[in-house]
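**Q**
Protein chains: 2
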Amino acid sequence: MTLNAVLDKIDQNLDAATDRLLDLLRIPSISTDPAFAADCQRAADWLVDDLKTIGFNASKRDTTGHPMVMAHADGPGTHVMFYGHYDVQPVDPLELWDRPPFDPALEKTAAGMVIRGRGSSDDKGQLMTFVEACRAWVQVHGSLPIKVSIFFEGEEESGSPSLVPFMQQNAAELTADVALICDTGLFQSAVPAITTQLRGMVTEEFSIKGADRDLHSGMYGGLAGNPIHVLSRLIAGLHDETGRITLDGFYDDVPEVTDEIRSQWQNLGFDHAGYLGDVGLSVPAGETGRTPLEMIWSRPTCEVNGIWGGYTGDGFKTVLPAEAHAKLSFRLVGQQDPKKIHAAFVNYVNSKLPADFSAEFAPSHGDPASQMSIENPAFELARQALSDEWPRPASYIGCGGSIPIAGHFKTVLEMDAMLIGFGRDDDAIHSPNEKYDLESFHKGTRSWARILAALAK
Amino acid sequence: MTLNAVLDKIDQNLDAATDRLLDLLRIPSISTDPAFAADCQRAADWLVDDLKTIGFNASKRDTTGHPMVMAHADGPGTHVMFYGHYDVQPVDPLELWDRPPFDPALEKTAAGMVIRGRGSSDDKGQLMTFVEACRAWVQVHGSLPIKVSIFFEGEEESGSPSLVPFMQQNAAELTADVALICDTGLFQSAVPAITTQLRGMVTEEFSIKGADRDLHSGMYGGLAGNPIHVLSRLIAGLHDETGRITLDGFYDDVPEVTDEIRSQWQNLGFDHAGYLGDVGLSVPAGETGRTPLEMIWSRPTCEVNGIWGGYTGDGFKTVLPAEAHAKLSFRLVGQQDPKKIHAAFVNYVNSKLPADFSAEFAPSHGDPASQMSIENPAFELARQALSDEWPRPASYIGCGGSIPIAGHFKTVLEMDAMLIGFGRDDDAIHSPNEKYDLESFHKGTRSWARILAALAK
Chain H
1 MTLNAVLDKI
11 DQNLDAATDR
21 LLDLLRIPSI
31 STDPAFAADC
41 QRAADWLVDD
51 LKTIGFNASK
61 RDTTGHPMVM
71 AHADGPGTHV
81 MFYGHYDVQP
91 VDPLELWDRP
101 PFDPALEKTA
111 AGMVIRGRGS
121 SDDKGQLMTF
131 VEACRAWVQV
141 HGSLPIKVSI
151 FFEGEEESGS
161 PSLVPFMQQN
171 AAELTADVAL
181 ICDTGLFQSA
191 VPAITTQLRG
201 MVTEEFSIKG
211 ADRDLHSGMY
221 GGLAGNPIHV
231 LSRLIAGLHD
241 ETGRITLDGF
251 YDDVPEVTDE
261 IRSQWQNLGF
271 DHAGYLGDVG
281 LSVPAGETGR
291 TPLEMIWSRP
301 TCEVNGIWGG
311 YTGDGFKTVL
321 PAEAHAKLSF
331 RLVGQQDPKK
341 IHAAFVNYVN
351 SKLPADFSAE
361 FAPSHGDPAS
371 QMSIENPAFE
381 LARQALSDEW
391 PRPASYIGCG
401 GSIPIAGHFK
411 TVLEMDAMLI
421 GFGRDDDAIH
431 SPNEKYDLES
441 FHKGTRSWAR
451 ILAALAK
Chain F
1001 MTLNAVLDKI
1011 DQNLDAATDR
1021 LLDLLRIPSI
1031 STDPAFAADC
1041 QRAADWLVDD
1051 LKTIGFNASK
1061 RDTTGHPMVM
1071 AHADGPGTHV
1081 MFYGHYDVQP
1091 VDPLELWDRP
1101 PFDPALEKTA
1111 AGMVIRGRGS
1121 SDDKGQLMTF
1131 VEACRAWVQV
1141 HGSLPIKVSI
1151 FFEGEEESGS
1161 PSLVPFMQQN
1171 AAELTADVAL
1181 ICDTGLFQSA
1191 VPAITTQLRG
1201 MVTEEFSIKG
1211 ADRDLHSGMY
1221 GGLAGNPIHV
1231 LSRLIAGLHD
1241 ETGRITLDGF
1251 YDDVPEVTDE
1261 IRSQWQNLGF
1271 DHAGYLGDVG
1281 LSVPAGETGR
1291 TPLEMIWSRP
1301 TCEVNGIWGG
1311 YTGDGFKTVL
1321 PAEAHAKLSF
1331 RLVGQQDPKK
1341 IHAAFVNYVN
1351 SKLPADFSAE
1361 FAPSHGDPAS
1371 QMSIENPAFE
1381 LARQALSDEW
1391 PRPASYIGCG
1401 GSIPIAGHFK
1411 TVLEMDAMLI
1421 GFGRDDDAIH
1431 SPNEKYDLES
1441 FHKGTRSWAR
1451 ILAALAK
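Residue numbers (the working numbering), protein chains in the order written: chain H, 1 to 457; chain F, 1001 to 1457.
1) Could you check the C-alpha separation between A133/H and P67/H for me, to the nearest Å?
2) Between the alpha carbons of D1252/F and I1397/F, how many angstroms are there, rounded?
3) Is E1287/F buried or exposed, if buried means 16 or more other CB atoms sit within 10 Å of its CB?
4) In angstroms with no decimal places, state the Cα-to-Cα distance between N57/H and I261/H.
5) At 3 residues or longer, and completely inside the region 262-342 of chain H: list those beta strand (DSSP E) runs for me, N to C.
6) Between the alpha carbons of V1304/F and W1297/F, how many angstroms are there, rounded?
7) Do V48/H and S80/H count as a contact pair if the criterion is CB distance below 7 Å?
8) Determine the burial state of G1222/F: buried for a count of at least 16 other Cβ atoms within 10 Å of its Cβ, exposed for fewer.
9) Three Cβ pairs or more, each shorter than 8 Å: is that satisfied between the region 1264-1274 of chain F and the region 1227-1235 of chain F?
10) Consider the Cβ of E107/H: report whether some Cβ of chain F lies at a distance smaller than 7 Å.
11) Can you give me, in chain order, the residues of the region 347-358 of chain H that have a beta carbon less than 8 Å from any beta carbon in chain F?
12) Nearest-angstrom Cα distance between Y86/H and D388/H?
13) Taking 7 Å as the CB-CB cut-off, is P1368/F touching chain H?
14) At 9 Å on the CB atoms, spell out the chain H contacts of W1308/F, in chain order.
15) I want to see whether chain F comes within less than 7 Å of D244/H, judged by CB atoms only; does it?
16) Who are the neighbours of R1299/F on chain H, taking C-beta pairs under 7 Å?
17) Can you tell me whether Y348/H is helix, strand or coil according to DSSP?
18) Whole angstroms is fine: what's the gap from I10/H's alpha carbon to A43/H's?
19) Under 7 Å between C-beta atoms, does D425/H make it to chain F?
20) To the nearest angstrom, report how far apart A1406/F and F1152/F are at their CA atoms.
21) Residues of chain H with CB closer than 8 Å to the CB of F1316/F, please, in chain order.
22) By how many angstroms is the C-alpha of W1265/F removed from the C-alpha of K1340/F?
23) Are any of the Cβ atoms in chain H nearer than 7 Å to that of G1401/F?
24) Leaving out five residues before and five after V1349/F in sequence, what residues of the same chain have Cβ atoms less than 7 Å from its Cβ?
25) Quick one, are the C-beta atoms of G1423/F and G1119/F less than 7 Å apart?
26) Which class does N968/F belong to by DSSP, given the choice of helix, strand or coil?
27) Could you tell me whether any Cβ in chain F is nearer than 7 Å to the Cβ of R61/H?
28) Alpha carbon to alpha carbon, how far is L455/H from I146/H?
29) Using a beta-carbon distance cut-off of less than 9 Å, what residues from the region 1224-1239 of chain F approach chain H?
30) Is the beta carbon of M1418/F sitting closer than 7 Å to the one on L1180/F?
31) Where does S229/H sit, in a helix, a strand or coil, going by DSSP?
32) Just checking: is the beta-carbon of M1372/F within a distance shorter than 7 Å of some beta-carbon in chain H?
33) Helix, strand or coil for Q1012/F per DSSP?
34) Check each residue of the region 1281-1300 of chain F: if its Cβ is closer than 7 Å to any Cβ of chain H, include it; give the result in chain order.
35) Is there contact here, the region 1432-1446 of chain F with the region 1324-1342 of chain F, by at least three beta-carbon pairs under 8 Å?
36) Check whether the Cβ atoms of D1214/F and V1319/F sit closer than 7 Å, and answer yes or no.
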C-alpha cells in the first residue's frame, strides 16, 4: 500500500520533523515590526531551502513588503495550491511568557506533548504539516501523487498588503484545481473539519452631527437635540425584537443551510453552553428560532464595535456634544453584496435623522461571504481522508469570521479553497505561551498525506 | 432727591471706578492653578482694603483653599448679603488673546466702549458694580440706606470646595433678609432680569457589562449580546416619542409655571430661532407642546453627556466589547428630589437588562432646583428699580443651568437670592478676549444704587 508506507515514514520522521519546525520557530519573523524585516527574509529563505530538498522548484519572490515563497512540484492529475504564512504575531507582553517566545521547545503537559513557542500553531507548525507530508511522499515514492504548488505569505499578521496585487500579477502561476489552506483548527479541539463557509464583512464608521459646537446642557438642554441620543436610537433600531436586522432588503440574499449541512452541524454536538460559559455568558442572544451554530456561521449580523461621543474623561462635564460616533460591522453570508448592504445602511441612517442632524460616513470596506462549492469532489475525498485519520468523522463546518485568503482565492483566482487545520482552542495564538499539540503536528501531517493520496484517485 | 444725587455721583465717578476695576483686573487671581495662589491672596487683600475705604468692616478669612472676603456696614431696615467671586478662569489659549489678559484696557468697539481683560465680566467687573454703588451712597450720604454685608469667594472657578463648609461655620454672620448675587447677565443682552428659578441636577455614570472579556465578533457575533446595543436601547428608551422622560414618577414633583411668570416670559419675546441659529440649529427638539423657554427653564431634562465603549481608535477592530459606558445628567425643576430621580434611574436600567447583562453605577451627585419665593417684597422692589434704570422693563426669568451659590444660600442658610447681573451673551467669559461693556459697568452700578434705595422703602 503506497499510503501506508508514507504514513509509516511520517511516524519515523516525527523527531526530525519536530526539530525542523523548532528550527523555523527560532526565526523571529514578526511582520508588523520593521525591526524584524531581515528575519522575515530569513524565514522565507529557510522555507525555500527546505522545499528544494524535497524536490520543489522553490523561490522567494519580492514584494513591496515581506517576500512570498512559491514552490512547484509536478505530479499527475489534480493540481492543488497549498497556502500558509510564515510570519508571526508580536510577542508582547513578554513577561507573561514562561519561556522566551523564540526559544521553542517540546514540553510535556497534562494533556500531552506540546511544541511551545511563537508561531508554533499560527502558522508555522500548521504549514509544516503539509511540507512534512510532501517530504514523506517524496522519500517513499520519489515523487508526489498529484501536482502540488505551495504559496507562503509573510504578511498575514499585518493585513496582507501585498497579497492581492501579487495574486493578480501571478494569476496563472497561482491557479490550480483547488486551494488548500492550513490556518484553522479542529472543531472544539476534537472534530476534524473542512470549513466550507466563511462570513463576509462590511465595516462602517459614521458620525452624527447636530449643533456646530458643543453646547452647555444648562443653556440648551431640553431645547437642542443630542447626537448621542440620535445615535443611540439609530443603533437601537437596527434590530427588531426577534433579533433580525431591520435594513431594507438585508435578508434578500441570505440562503438557508442545506439539509445535508444542517445534519452534519447537528451531529457536531456543539456545546454552546460551554462556549458561552467560557466567556461568562449563558444565553444565546441572537435571532429567535436559530440554533447557536446558525447564529455564528450562517446568519448575518450587525454589531457596533465602538462608540464614542461627548465627555468621557474623569468627573463630569454637562455638555451636549456636537457629534457622536460609532464603528459598526456587518457579518455577511450567502450572496449578500457588501455594496448593497452599505447602501441600505446609509439609507437607513439618513431616513431616520431628525431635523438639524446630519450623518457623515467614512469609506466603507467590504468583502462578501465565501461559500465553497462542495460539489467539487475534492471536498468529499478530503473529508473521507480526514475521517480515516481521526477518531471522529470529519465534518463540514462554518466559520463566523473572515479568512481573507479564502475569499481572495475565490474572487481573484476563481478557486474554491478547502480550509483544513489542526489547531486547538487552547493554542493561545496571538497570546503569550502559544503552543501546538504534538498530536496536531503528527496527525496533521498524516492527514495531509492521506488527502494527497485521496486526491490522486 | 437722595437717589438722584447718588446716581449723579456714580456718573461723575465713572472714570475713577473704571480705573479701580482695571487695577483689580491686573491681579491674575486664577484659582485653579496653584501657581497663582499668592495672586488670589492679593486680590482678596485689594478688596478688603477697598471696602475699608468705604467704611465697611472688612476682613479676609482663611479657608483650606483661597480666602473669603467678608464685609459688613450697618444701616437701617432690610439686611442684604451680596455675593461675588474675585477668582478668574485660566487664560489658555493665550495666543488667541488680542492683548495680554491681565493687562486690561478700555477699548472702543463698534458696539461701544468695553473693558477688555480676564475677569472683566466674570466676575470682577460685576462685583465692582455693587461696590461702586455702595461707594457712591456713602460718598453722598455718609452711610448706606440699608444694612449691607458683602461675601466674596475666591474658588468659584474651581468648584468652590471651601464654600459650603465656610457657610456652615459662619451661618449666623452670613444670614440676612435676602441674598444678592451678581454673576448673571441681561436677558438676550438687553432685558434687565432677576433669575428666580434655576434647574437642579443629578449626574449618573454607569457601565453595562456583558461577557467577562472582549469577544471577537467573528467567533461570537450573532450569538453573544453586545453591551453597546444594550446601552443604546436603554438610552433610546429614556424618552418617549413626545420627548417626555419615561422614568417612573419622574414628573411627580414638576410644577407648571404660574400665569404671572408665563406672561412675563411671553413678553420677553425670546428669539429662539436666533438662539438656536447661533449654534447651527433651527428646530426646538424638546417636549412636544412646550415653549422654548419652558424647555430650558422650567422643564426637567435627561441628557447623555458622554458615551464610550469598544474600539474607538484608528482603523477597525471587530470586537464585541465586554463593557459600554455613559455619563448622563438630569436637570431638575420644582421639587424633584435628586435621590428619588437617581433611584428611578437605577430601577429603569436594572429592569431593562437582558439576561447575562449587569449594570454598575458610580456614585450619583445631585442638587435640587432652586425656586425663589417672589412673594418676598424685595423681588418686586428690585424689579421696579431695574425697570427704572434700563430702557426695557425688568423681568423674572429662569436659568437652565445651576448656579450652586444660589442653592447653597437656600439650603444652608434658608435665604432666597436675587440673581441680578449685567453681562452680555458676547462677553466671552471663560474664553479669550473676555470683555465687559462699559455700559454694563456703569448702568449696573446705577442699578444697584437704585435697588439699595428701593429696599430702604
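Even glycine gets a Cβ: it sits at the ideal position worked out from N, Cα and C. Only a predicted model underlies this, so the values are computations on that prediction, with no experimental measurement involved.
**A** A quick look at the data gives this:
1) 24 Å
2) 23 Å
3) buried
4) 39 Å
5) 301-310 and 323-332
6) 19 Å
7) It is Val, not Ser, that sits at residue 80/H in the sequence shown. No, Cβ-Cβ distance for V80/H and V48/H is not below 7 Å.
8) buried
9) no
10) no
11) P354, A355 and D356
12) 29 Å
13) no
14) G306, I307, W308, G309, G310 and T312
15) One detail in the question is off: residue 244/H reads as Arg in this sequence, not Asp. R244/H does not count as touching chain F.
16) G222
17) helix
18) 23 Å
19) no
20) 14 Å
21) T203, E205, N305, K327, S329 and H365
22) 30 Å
23) yes
24) F1206, L1234 and A1359
25) no
26) Nothing in the structure corresponds to residue 968/F, since chain F is present only between 1001 and 1457.
27) no
28) 7 Å
29) A1224, G1225, N1226, I1228, H1229, L1231, S1232, R1233, L1234, I1235, A1236, G1237, L1238 and H1239
30) yes
31) The sequence shown places His at residue 229/H, not Ser. In the structure shown, H229/H sits in a helix (DSSP, three-state: H, G or I).
32) no
33) helix
34) L1281, S1282, V1283, P1284, A1285, G1286, P1292, M1295, I1296 and R1299
35) no
36) yes
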